[in-house]
Structures are given as C-alpha cells and as structure tokens.
Amino acid sequence: MPHFRTYDDTALHYRVLGPADSPLPPLVCLAGGPGRDAAYLEDLGGLAAHRQLVIPDSRGTGDSPAADDPSRYAFPHLAEDVESLRAHLGLERFALLAHDAGAAVAQAYAAAYPERLTRLVLVCPGSRLQGELPDDAREIFQARRDEDWWPQAAAAVRQLAETTDLEEVRELLFTAAPLGYGRWEEPQRAHAAAEGRQLGPVPRAGFWQGVDEHTTRTVLDRLAQVESPVLVVTGDRDGLAGMRAGELVAESFPDARLRPLHAVGHYPWVDEPELFASTVEEFLRAG
C-alpha cells in the first residue's frame, strides 16, 4: 500500500481505486466516524469506475500508525495531513470529498487552503463545528418506529449511552445500525456488520479534543471566503446526522448547493449507489 510523509514525518497510508489512465482528475476522499477505518467508504457507489479515488487512512486507522502525540488526532491537525497528501500527489489543486465527521476535517482544510480546492463534496455531515446539534435525526428515527427492526434498535441506542465495554459497544452498534440506512436489506446489513471492527476508540476520542472556540470561529469565518463550489448531500432517512445539519453546513459557504436524496440514510452509496455516484459525478464535471 502506498504511503506519504506528513508534516511531522509520520508515514501515513492511502489506497487508490479506479483506472490509472482516467482522463478525469482524482478525487481525494476522507472517512468519518470519527476514527473509523476508511474501508467502509468502499468505492463510493461506483465513483471509482471513471476516476481514481485517493483514500487516506487517517492516524490510528486502517494501516496508518497511531499518533505519538494524542493532539494529532484533532481534526485541524488531520487537515494538515491532507495538505501533506496533496503535496505528495503533486496536485496543484484538487477535488475533495468527505463523509460524516470527515466533513469537519474537510472544512478545516478549506478554511486553511481555499486556493487548493477545485470542488468540495460533503456527504451527510454533522454540524458540531457550526455550534448546533439539530434534533431532526431523532425525528427521522422516531418516524420509522413501525419497521421490524425499530424496537431492538431503540433499546440499543439507550444502552450505548451507558456502555463502556468495547465488545458490547460493537454488538450494540450493529443492533442500532438500521437507523443509519434507508432500508435494512442485505447490502446494508453487510456494510453495517463491519463497523465494530473498523472503529478506533483513541482517534475517535481525540478528534474534538483541544479544539477551542477561537479555533472553530476562525474556521467558520474563513469558510465564508471559500470560492470553490460546494455540494452538501443529505439523506431523508439519516437517523444519525439528520438533514438540518447539512443545511447549516451549506450555509457556511458562499457557493454551496444542497442535494437531499430520497429514501437514503447516512450511507447514500450503500442505499442508492447509482443515484449517489451520478449526483457527485455530475457536480464534479459541472463547469
């Protein structure tokens, strides 16, 4: 697996999917979690069919080593790792896609290096960076209470708030997993089954640590000056992030468009791979 040297000389790994001879520019893709192995992104619903996807393993996930300094897990530092990857790839400017908590890393990167981005795609982002935690995800979850999986999932959500044992957490995550998908069929079950072993508790815990109000305010102020077009994708069955968070994130940029997808949850490339891939590809090729 290829690797690059980041700003503190740590060797971080990444994988490349898609045709090496594609005439289209590559798309750098950031995983969320936070602290989840980027393997869950798969090929993002077939986006790798036409262009190369460059998918880094952030510190302490996948094949990348744990950080010697826990502060390196904080999302502004992870944004600096993205800049090191860009330099390693020799890209003057590039398109960036980020899912879930990875969107915070992408926003920090956009704030620090706006001139490096051609386009930015944020998929089912949360809005903690914006300082708001909308409750529409709970409403989406409650609206699905007639589905067979709902009672067990609701009980698992309650237990997760009180459980510290990692193995039990992994089991509960799978029981609660349907709230993150538009439907609960074989592709969704297979995708969710991998979540427990893909989580990195230490990188997850460090993602927001040491990020003070001044830092977040600086990022938000700079986002208002980002000129590259931004696409924010949400799902109307996303019981994890909801849809309002995506709206708040889109409002942080001067040139952002919101694309809600119907019958789609937190992982739109799993629920509707063709719709998701075509939506992103159309945006990347526009203009």
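In the working numbering, the protein residues as written are 1 to 287.
Idealized CB from N, CA, C, for every residue including glycine.
Bear in mind the structure is a predicted one, so any value in this text is a computation, not a measurement.
- Note that the segment 112-131 touches the segment 223-240; at least 3 beta-carbon pairs, one per stretch, sit closer than 8 Å.
- Annotation note: the segment 84-124 contains the following uninterrupted beta strand (DSSP E) runs of length 3 or greater, listed N- to C-terminal: 94-99 and 117-123.
- Contact between the segment 18-31 and the segment 51-58 is present: three or more C-beta pairs spanning the two stretches fall below 8 Å.
- About 7 Å separates the beta carbon of residue 109 from that of residue 96, a gap short enough to meet the 8 Å contact definition.
- Under DSSP, residue 28 forms a beta bridge with 54 and 96.
- Beta-carbon to beta-carbon, residue 74 and residue 210 are separated by about 5 Å, close enough to satisfy the 8 Å threshold.
- Under DSSP, residue 234 shares a beta bridge with 260.
- Around the beta carbon of residue 38, 16 or more other beta carbons sit within 10 angstroms, so the residue counts as buried.
- Scanning the segment 145-204 for uninterrupted alpha helix (DSSP H) segments of 4 residues or longer gives 150-160, 166-176, 186-193 and 195-198, listed from N- to C-terminal end.
- In terms of Cβ geometry, residue 64 and residue 4 do not form a close pair [threshold 8 Å].
- Between the segment 125-136 and the segment 261-272, the count of C-beta pairs closer than 8 Å stays below three; the two stretches do not touch.
- For residue 15, the enclosing beta strand (DSSP E) covers residues 11-17.
- Contact check between the segment 131-151 and the segment 167-184: three or more CB pairs, one atom from each, fall below 8 Å, which counts as touching.
- For residue 3, the secondary structure class from DSSP, reduced to helix, strand or coil, is strand.
- Look at residue 217 here: in three-state DSSP terms it is helix.
- Exposed is the label assigned to residue 164, since fewer than 16 other Cβ atoms lie within 10 Å of its Cβ.
- When DSSP states are grouped into helix, strand and coil, residue 128 belongs to the coil group.
- Looking at the backbone, the Cα of residue 254 and that of residue 168 are separated by about 43 Å.
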